[in-house]
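Here the structure is laid out as C-alpha cells; the discussion comes afterwards.
4 protein chains.
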Amino acid sequence: MPAALVPRDPDYEARVRASFACQGIMATIGARLLRVSPGAVEIELPFRGDLTQQHGFVHAGIVTTIADSACGYSAFSLMPASASVLTVEYKVNLLAPARGERFVARGRVTKPGRTLTVCAADVVAISGGAEKAVAMMLATLMAIHDRPGLAPGL
Amino acid sequence: MPAALVPRDPDYEARVRASFACQGIMATIGARLLRVSPGAVEIELPFRGDLTQQHGFVHAGIVTTIADSACGYSAFSLMPASASVLTVEYKVNLLAPARGERFVARGRVTKPGRTLTVCAADVVAISGGAEKAVAMMLATLMAIHDRPGLAPGL
Amino acid sequence: MPAALVPRDPDYEARVRASFACQGIMATIGARLLRVSPGAVEIELPFRGDLTQQHGFVHAGIVTTIADSACGYSAFSLMPASASVLTVEYKVNLLAPARGERFVARGRVTKPGRTLTVCAADVVAISGGAEKAVAMMLATLMAIHDRPGLAPGL
Amino acid sequence: MPAALVPRDPDYEARVRASFACQGIMATIGARLLRVSPGAVEIELPFRGDLTQQHGFVHAGIVTTIADSACGYSAFSLMPASASVLTVEYKVNLLAPARGERFVARGRVTKPGRTLTVCAADVVAISGGAEKAVAMMLATLMAIHDRPGLAPGL
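Residue numbers (numbering that gives the first Met the number 0), protein chains in the order written: chain A, 0 to 153; chain B, 0 to 153; chain C, 0 to 153; chain D, 0 to 153.
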C-alpha cells in the first residue's frame, strides 16, 4: 500500500460501517457494504424491479447512488476520526445497460488530500458469475473538519 | 421557442408521461412528473427520511436520479415517436446539502441532435416557499432509433 | 446583483487583469481579456490555423483553455485580495465543431464559496456577426488562502 | 489484448500518426506522439514557459489538450479506416500543479463501441526520472462514418 493510503484512524473500518448504516437510502434500495480497506470500498446491490428505468434496467441514478457511496467511503476511510465527508461533484459514464442479478460498485482513492480527495469507481453487473462493466465514476470528495453537528450519523 | 426545440412527435407529452410511469424507481422514491414542455421537464421529489445519506440530507445519488430523468425526458420530448433514449454520461455538482421539504429537478435541452442531445438540469430545494439551489447537472443523452425491443415501457 | 456576488476586493478588476497578463499561454494562443465584472469574465480568441485539430477546427483543448480561464477569473473576481485560485476539475461538452472567425468564452459564478466556487462557461463561435454555441463547461475552482508563494504572478 | 481491442484497420498506427501530424496545435505547443498501440496512445509535452498559467505551471487547458488527443487517438486506433473521430465531452480532475520537465498523457480505451467510445487518460509530470500524477480524464469520443469531407487531414 502506498504511504499516502495509510488511514489516519486505526478504527476506520468500524467508522465506515457505522456511517453506512446511517444512510437510509442504502436500506431502501437493498444495498450492502462488502469489503472496506484503506482507500477502497465495495458496495453490492441486488437487482430489484422497483429500481428500474423505463426499459427495465436499473436506473442510472441508482447505479450512481452506490458508486457515490463507494467513492465517499473510500475517501472517508483515510480521514481522521473527527472528519465528515461530503461529495463535491462527480462524473459518470454509463457503459452498458444495468441489467444483471446484482451490481457491485468498487470505489478507490486515486489522490488523497487533507481537504479534497479524488476517487474513482467502477460498477459491474454480475450474472451467472460473469462480470460486465456498466459504469465508471470520477469524483471529488471534501473532508469537513471540526463540524460535528454536520454528522449526526457518525 | 427556437425552431430546434419543436418536437417531432405532436404527442410528445403523452409519450413522456407514459414512459415516466414505467420508471419503477420513481414510484419507489415518491417522485412525480410536473411540467412537460418541448425540451423541458420538471420532476418533484418530497423529502423522505428513507432517501438520506448519513447526515440526514437526501443522498446525492437520489438528487441525481431525478435530475437524470428530467434531462432524459427533456431530450425524449423532442425525439420522434419511434425513438428510445439512453443516458450516455452526466456530471453533477452538488452545491448545497439536499435538505428541504421537497426538491424540484428542472431539465432542459441545451443542444438537440439526431443522435446525441446535450441537456442541463438544476435541482432546487424548496422550504416554506423559498428555493435554494442544491445541484447542477450537465448530461449527454442518446437517441436509439429502430430498436423497439429496447423499450418495453414505451 | 445578488449579495453573494459582491466582490470582497474593490480592486478586483485590476487584480484579474494583472493575473491574466501573467498567463503566458494566453499570449501564445492570442487570447484577450474582454469584460470583467463581479463573478463574470469574458475571453476572446481569434481563429488561427496553428490552434487546430486534424479537421481544421480549433482543438477542444484550446476551447477548454479559454473556458477554464474565464471560469477561474470569474471565481477569482469575488475572492479577497490575498487569495489565489486553482482549478479543481471541469467537465466540457463540445456542442459543435469550433470553426469561426473568433471565439468568446463567457464564464460566470453559479455558486460562490469561501473554499470552493462552482462556475459555468459557454463558448461561442462568431462569424459574420452571428453566434453559435460550441462548448459548455461546468467547473469547480478552489481558493488558496495565505500562500503567497503560490502566486508569483499576482 | 481483449478481443474488443483488436483494431479494424491493420494500418491503424500510420493512420493515427498521419492525423496527429495534421493537428496544428501539437506543433504549436511542442507535443510529440510517443507510443501508439491498439486502444492506447501516449503524447509527450516538454515544459515551456509560454504554456503557463499565472503561477508558472502548465495551464490546465494545455494539460487537457494532450489528454484529449491521447484519448481521441486511442479511440481512433480501433476505428475502421473510413471513420473520423470527434470529442463529445470530457471531464478532467487536476490532481497537482503541472510543474515538471515534461508531461506524458497516456490515453486508453475503456469501452469501445461502433458510435461512442469511452476513454480514460492519466497525465503525469516527469522530473529527474520521477513521475507524479497531475490529471485524470474520462472522455466520450464519437466515430463519424462516411463523411470524408469532415476530415481534410486524414
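Every residue gets a Cβ at the ideal spot worked out from N, C-alpha and C, and that includes glycine.
Note that the structure is predicted; figures quoted are calculated from it, not measured.
Check	Outcome
Using a Cβ-Cβ cut-off of less than 8 Å, list which residues of the region 57 to 90 of chain C approach chain A; keep chain order.	Val-87, Glu-88 and Lys-90
DSSP three-state label for B:Met-25, please.	helix
Let me check one thing: in DSSP terms, what residues is D:Leu-44 bridge-paired to?	D:Phe-102
Under 6 Å Cβ to Cβ from A:Phe-87, same chain only, skipping five residues before and after it: list those, please.	For clarity, residue 87 of chain A is Val in the given sequence; the question names Phe instead. For A:Val-87, where only same-chain residues beyond five positions count, the Cβ hits under 6 Å are Thr-139 and Met-141.
Counting only the same chain and skipping the five closest in sequence on each side, list residues whose C-beta sits under 8 Å from that of C:Ala-13.	none
Would you mind telling me which residues of chain B sit closer than 8 Å to D:Thr-139, beta carbon to beta carbon, in chain order?	Val-87, Glu-88 and Thr-139
Closest by CA to A:Leu-137, which one among A:Thr-51, A:Val-91 and A:Ala-26?	A:Val-91
Considering just the uninterrupted stretch of the beta strand (DSSP E) at B:Ser-73, what are its terminal residues?	Here B:Ser-73 belongs to no beta strand (DSSP E); instead the alpha helix (DSSP H) covers 59 to 75.
My understanding is that A:Gly-29 touches B:Thr-63, with C-beta atoms under 8 Å, so please give their C-beta distance in whole angstroms.	The Cβ separation is near 18 Å, so there is no contact.
Where does the unbroken alpha helix (DSSP H) through A:Ala-20 begin, and where does it stop?	11 to 20
When the Cα of D:Val-35 is compared with those of D:Gly-99, D:Phe-19, D:Thr-116 and D:Val-117, which residue comes out closest?	D:Phe-19
If contact means a Cβ-Cβ distance below 9 Å, which residues of the region 105 to 117 of chain D contact chain B?	Thr-114, Leu-115 and Val-117
Can you pull the chain B residues whose beta carbon is under 8 Å from the beta carbon of C:Leu-94, in chain order?	Thr-109, Lys-110 and Val-117
Can you tell me which residues form a DSSP beta bridge with B:Ala-129?	B:Ser-126
Counting Cβ pairs, one atom from each stretch, are 3 or more of them under 8 Å apart for the region 99 to 106 of chain C and the region 97 to 112 of chain D?	no
At which residues does the beta strand (DSSP E) containing A:Ser-83 begin and terminate?	83 to 93
Ignore the nearest five residues each way along the sequence and tell me which others in B:Ala-95's own chain have a CB closer than 8 Å to its CB.	Ala-124, Lys-131, Ala-132 and Val-133
How far does the beta strand (DSSP E) with C:Val-35 in it extend, from its first residue to its last?	31 to 36
Let me see if you follow: with CB-CB separation under 8 Å, is D:Val-15 close to chain B or not?	no
To which residues of the same chain is C:His-54 closer than 8 Å at the C-beta, ignoring the five residues directly before and after it?	Pro-96
Considering only the beta carbon of each residue, do B:Ser-73 and B:Val-122 sit closer than 8 Å?	no
Taking all protein chains shown into account, do 16 or more other C-beta atoms lie within 10 angstroms of the C-beta of A:Asp-67, making it buried, or fewer, making it exposed?	buried
Short check: CB of C:Ile-143 to CB of D:Thr-51, under 8 Å?	no
Pick from C:Asp-10, C:Leu-115 and C:Pro-79: whose alpha carbon is nearest that of C:Asp-145?	C:Pro-79
Can you pull the chain A residues whose beta carbon is under 9 Å from the beta carbon of D:Ala-132, in chain order?	Thr-109 and Lys-110
On the premise that D:Gly-71 lies in contact with D:Val-84, defined as a C-beta separation below 8 Å, what is that separation, rounded to the nearest angstrom?	5 Å
By the 10 Å Cβ neighbour count, where 16 or more other Cβ atoms means buried, how is B:Ala-154 classified, buried or exposed?	With chain B covering only 0 through 153, there is no way to say anything about residue 154 of chain B.
Which of the three DSSP states is assigned to C:Asp-145 in this structure?	coil
Express the C-alpha separation of A:Phe-46 and A:Gln-22 in angstroms, rounding to a whole number.	19 Å
Could you give the distance in angstroms between the alpha-carbon of A:Gly-112 and the alpha-carbon of A:Val-5?	12 Å
With a threshold of 8 Å between beta carbons, is B:Gly-152 in contact with chain A?	Confidence at B:Gly-152 is low in this model, with a pLDDT of 34, below 50, so the placement of that residue should be treated as unreliable; the coordinate-derived value is given next. Chain A contact via Cβ: present.
For D:Asp-121, which beta-bridge partners are listed by DSSP?	D:Arg-105 and D:Met-135
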